[in-house]
Every structure is written in structure tokens, then in C-alpha cells.
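Chemist: This is the structure I have questions about; it appears just below.
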Amino acid sequence: MRKMKTLGCCLVLIVAVATVVSAHMAVQKTLPEADAVVAESPHHVQIWFTQAPDPAISRLTLEGASGAVTLGDTQVRDDRSLMAMLPSKLEAGTYTVNWRTAGDDGHTQRGDFSFTVRAAD
Numbered sequence: 004m005r006k007m008k009t010l011g012c013c014l015v016l017i018v019a020v021a022t023v024v025s026a027h028m029a030v031q032k033t034l035p036e037a038d039a040v041v042a043e044s045p046h047h048v049q050i051w052f053t054q055a056p057d058p059a060i061s062r063l064t065l066e067g068a069s070g071a072v073t074l075g076d077t078q079v080r081d082d083r084s085l086m087a088m089l090p091s092k093l094e095a096g097t098y099t100v101n102w103r104t105a106g107d108d109g110h111t112q113r114g115d116f117s118f119t120v121r122a123a124d
């Protein structure tokens, strides 16, 4: 009987931990794609998530070799994405998009992805 109680408690704990872990949002895709080499500067950067981002804390920033790149305001879109326009063309080089948001569980999450704009031939 004691073994059954122990086994039952372990199963409940496993299910509880799995539920908490699965509650975090995840990135589904990015534009440009992570680690992509693009021929032309994108007009905007965008990240789609598995849950709707929290508008109160969501933010996108962009960094290049020369430092921070000015982006338009971060927009929280109906398709569970964050998007920000690029006010001007990017020079050739590698850029990192940094993001911050929260999903349904309210926990702040951060991440980044990089892409490269190829030099014109």
C-alpha cells in the first residue's frame, strides 16, 4: 500500500511539473528566419509565438556591429506575433533581434535571433 501511495505522489508531481513547463510560450518562427543570410534589408522584423504576447512588457530591439539600430514601435499583432518596422535599410552585416515578452503564465521571457544582410554584388 505504501508503494502505491509513493507511486501516486510521484505521478502527480510529474504531471504538475510537466504542466508548468508546458505553460511557457515558445517561438514558432521569425522573419527574417533565424541565422538566415538575406540578399536585401528586411522592411520589418517579426516573431510568432505559441501564445499571445503581453502588450504591457513586449519589446523588440535590434543590434548590429555598430550598436543599437532604431526600430519603430513594437506592435503586438492578432496572430500572436511581435513586429517592428525598420525605418531605413540596413547596411550589410550581421544583426541580432532581442525580444522580451510574457505569455499566459505571466512569466517574463527573453530571447534573441540573428540574421545577416549580404553585401551587394
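Residue 42 in our numbering sits at position 39 of the sequence shown; the count goes up by one each step and never skips. Backbone N, C-alpha and C fix where the C-beta goes; we use that ideal spot for every residue, glycine too.
(1) Could you tell me the alpha carbon to alpha carbon distance between residue 32 and residue 82, rounded to whole angstroms?
(2) Roughly how many angstroms separate the alpha carbons of residue 92 and residue 27, rounded to a whole number?
(3) Would you say residue 64 and residue 71 are within 8 angstroms of each other, going by their C-beta atoms?
(4) Could you please give me the residues that DSSP links to residue 50 through a beta bridge?
(5) Relative to the alpha-carbon of residue 120, which residue among 88, 104, 109 and 99 has its alpha-carbon at the smallest distance?
(6) For residue 77, count the other beta carbons within 10 Å of its own beta carbon; 16 or more makes it buried, fewer makes it exposed. Which is it?
(7) Less than 8 angstroms between the beta carbons of residue 136 and residue 75, yes or no?
Modeler: The relevant details are as follows:
(1) 12 angstroms
(2) 34 angstroms
(3) yes
(4) 33 and 85
(5) 99
(6) buried
(7) There is simply no residue 136 to check, as the chain begins at 4 and stops at 124 in what is shown.
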